[in-house]
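Q: In this note's numbering, the protein residues as written are 1 to 260. Here it is, the structure in full.
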Ligand SMILES: NC(=O)c1ccc[n+]([C@@H]2O[C@H](COP(=O)([O-])OP(=O)(O)OC[C@H]3O[C@@H](n4cnc5c(N)ncnc54)[C@H](O)[C@@H]3O)[C@@H](O)[C@H]2O)c1
């Protein structure tokens with residue numbers, strides 16, 4: 001039995017990477033999925049063919065009016081909103097003294113304000129239903145600092161706390177709100193970094209205790225858990241899905257002792 005049968009899910013950042021993989025997983029589990037992204041996506045034609053009712057809106061998440069219009073269309077056409085997953089995001093930053101104000105504004109606007117606008121746009125409908133599961137995508141870089149992280153880390157730290165506050169304020173209305181903090185996941189966002197820094201992947205894999213980067217489908221699995229009733233008592237939670245990246249440090253002792 002599909003655990004998301006006939007549920008209606010809005011997914012932002014749905015054209016690529018984590019958002020696309022999550023939209024595909026929700027559709028596989030029986031949900032009708034409304035994709036949102038500023039870019040179009042070839043993958044959506046197949047998803048819409050396989051899942052009647054699913055549709056795609058090409059908008060920018062920093063545009064509050066456009067997000068409200070997507071919600072209004074969804075309620076008009078599908079009658080409800082059960083799940084919101086906010087995966088639209090960009091990476092950028094640098095040491096603060098070298099960071100252009102425009103870069104700061106762009107990253108905060110898309111990652112943090114865009115998430116705020118997405119969440120705000122569904123709350124009236126979810127309150128009227130007295131049900132809903134909101135899942136935001138933050139990052140392990142919203143929990144700990146990283147070299148040159150600045151704007152990106154600040155935006156993701158903001159998403160972690162915004163999520164907790166929504167859980168506190170709306171729990172009694174039947175709305176759950178949780179965040180996923182992915183580690184390093186093999187998506188187009190990271191490909192840009194890896195192209196610019198040849199040693200980056202090797203460094204990340206060394207720090208990731210399972211010895212590899214994550215796959216978008218592995219974040220989609222967590223996004224499915226938080227969307228379905230298996231997580232009915234989970235809210236305000238920060239679910240780290242990072243292959244052990246934040247578990248702690250290793251210094252080669254187990255290799256020395258012959259364990260690996
Ligand atoms: N890949 C990783 O290692 C990683 C790790 C931690 C967190 N994340 C987060 O996961 C989320 C998804 O990233 P991804 O790795 O799948 O990257 P991605 O680049 O593959 O996907 C991001 C999507 O967001 C869309 N987007 C960006 N700005 C937008 C805007 N203003 N309006 C609408 N859509 C917009 C892009 O068009 C793209 O389709 C992001 O929030 C990212 O910060 C990624």
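Every residue gets a Cβ at the ideal spot worked out from N, C-alpha and C, and that includes glycine. Note that the structure is predicted; figures quoted are calculated from it, not measured.
Assuming residue 78 and residue 32 make a contact with CB atoms under 8 angstroms, what is their CB distance in whole Å?
A: Mapped onto the chain shown, residue 78 falls at position 78. Mapped onto the chain shown, residue 32 falls at position 32. At roughly 6 angstroms, the Cβ-Cβ gap stays under 8 angstroms, so residue 78 and residue 32 are in contact.
Q: Mapping DSSP to helix, strand and coil, what is residue 240?
A: In the chain shown, residue 240 corresponds to position 240, counting from 1. Looking at residue 240 - three-state DSSP - the assignment turns out to be strand.
Q: So, helix, strand or coil for residue 61, using DSSP?
A: Reading the chain shown from its first residue, position 61 is the one you call residue 61. Correct three-state label for residue 61: coil.
Q: Taking the alpha carbon of residue 242 as the point to measure from, which residue in 253, 217 and 199 has its own alpha carbon closest?
A: Reading the chain shown from its first residue, position 242 is the one you call residue 242. Ranking 253, 217 and 199 by Cα distance to residue 242 puts 217 first.
Q: Cβ atoms of residue 95 and residue 148: under 8 angstroms apart, would you say?
A: The residue given as residue 148 occupies position 148 in the chain shown. The residue given as residue 95 occupies position 95 in the chain shown. Yes, they are a contact pair.
Q: Starting from residue 12 and walking both ways along the beta strand (DSSP E), at which residues does that stretch end?
A: Here residue 12 corresponds to residue number 12 of the chain shown, with the count starting at 1. Residue 12 -> beta strand (DSSP E) spans 8–12.
Q: Does the stretch 229–245 come within contact of the stretch 161–177, defined as at least 3 CB pairs closer than 8 angstroms?
A: They touch, by the three-pair rule.
Q: Could you give the C-beta distance for residue 41 and residue 15, rounded to a whole number, given that I count them as a contact under 8 angstroms?
A: In the chain shown, the residue the question calls residue 41 occupies position 41. In the chain shown, the residue the question calls residue 15 occupies position 15. Sure, about 4 angstroms apart at Cβ, within 8 angstroms.
Q: Using only the alpha-carbon positions, how far apart do residue 2 and residue 248 sit?
A: In the chain shown, residue 2 corresponds to position 2, counting from 1. In the chain shown, residue 248 corresponds to position 248, counting from 1. Rounded to the nearest angstrom, the two C-alpha atoms are 37 angstroms apart.
Q: Take residue 267 and list the residues in its own chain whose beta-carbon comes closer than 6 angstroms to its own, dropping the five residues that flank it on each side.
A: Absent from the structure is residue 267, since the part of the chain shown begins at 1 and ends at 260.
Q: Three-state secondary structure (DSSP) at residue 123?
A: Within the chain shown, residue 123 is the residue found at index 123, counting from 1. Three-state result, residue 123: helix.
Q: Looking only at C-alpha atoms, which of 210, 54, 131 and 18 sits nearest to residue 10?
A: The residue you call residue 10 lines up with position 10 of the chain shown. Of the candidates 210, 54, 131 and 18, the one whose C-alpha sits nearest the C-alpha of residue 10 is 54.
Q: Compute the distance between the beta-carbons of residue 45 and residue 35, then report whether it is under 8 angstroms.
A: Counting from 1 along the chain shown, the entry for residue 45 is found at position 45. Counting from 1 along the chain shown, the entry for residue 35 is found at position 35. Not in contact: residue 45 and residue 35 (Cβ atoms no closer than 8 angstroms).
Q: In three-state terms, what does DSSP make of residue 188?
A: Here residue 188 refers to the residue found at position 188 of the chain shown. Residue state, collapsed to three classes: helix.
Q: Give me, in chain order, the residues of the same chain whose beta-carbon lies closer than 7 angstroms to that of residue 129; leave out the 5 immediate sequence neighbours on both sides.
A: Taking the chain shown and counting its residues from 1, the one referred to as residue 129 is at position 129. Excluding residues within five positions, the ones whose Cβ falls inside 7 angstroms are 80.
Q: Indicate whether residue 75 and residue 125 have their beta-carbon atoms separated by less than 8 angstroms.
A: Taking the first residue of the chain shown as position 1, residue 75 is located at position 75. Taking the first residue of the chain shown as position 1, residue 125 is located at position 125. Yes, the pair counts as a contact, with Cβ atoms nearer than the cut-off.
Q: Would the stretch 172–186 count as touching the stretch 207–225 if we require 3 or more Cβ pairs under 8 angstroms?
A: The stretch 172–186, when compared against the stretch 207–225, does touch it at the 8 angstroms Cβ threshold.
Q: Return the CA-CA distance between residue 250 and residue 244, expressed in angstroms with no decimal places.
A: Here residue 250 refers to the residue found at position 250 of the chain shown. Here residue 244 refers to the residue found at position 244 of the chain shown. When rounded, the distance between both Cα atoms is 11 angstroms.
Q: Could you check where the beta strand (DSSP E) with residue 134 kicks off and where it finishes?
A: Along the chain shown, read from residue 1 onward, the residue named residue 134 stands at position 134. Residue 134 -> beta strand (DSSP E) spans 132–137.
Q: To the nearest angstrom, report how far apart residue 139 and residue 8 are at their CA atoms.
A: For the purposes of this step, residue 139 is taken as the residue at position 139 of the chain shown. For the purposes of this step, residue 8 is taken as the residue at position 8 of the chain shown. The alpha-carbon atoms of residue 139 and residue 8 are separated by roughly 25 angstroms.
Q: Is the closest heavy atom of ligand 1 to the C-beta of residue 71 under 7 angstroms?
A: One-based indexing of the chain shown puts residue 71 at position 71. No; taking the cut-off as 7 angstroms, the Cβ of residue 71 has no heavy atom of ligand 1 nearer than that.
Q: Following a CB-centred definition, is residue 150 positioned closer than 7 angstroms to any heavy atom of ligand 1?
A: Taking the chain shown and counting its residues from 1, the one referred to as residue 150 is at position 150. Outside the cutoff, so no.
Q: Quick one: what's residue 37 bridged to in DSSP?
A: The residue you call residue 37 lines up with position 37 of the chain shown. Residue 37 is bridged to 58.
Q: Would you kindly work out how many angstroms separate the C-alpha atoms of residue 187 and residue 89, rounded to a whole number?
A: Position 187 of the chain shown, counting from 1, holds the residue named residue 187. Position 89 of the chain shown, counting from 1, holds the residue named residue 89. Going from the Cα of residue 187 to the Cα of residue 89 covers about 12 angstroms.
Q: Classify residue 108 as helix, strand or coil using the three-state DSSP reduction.
A: As a working note, residue 108 is residue 108 in the chain shown. Residue state, collapsed to three classes: helix.
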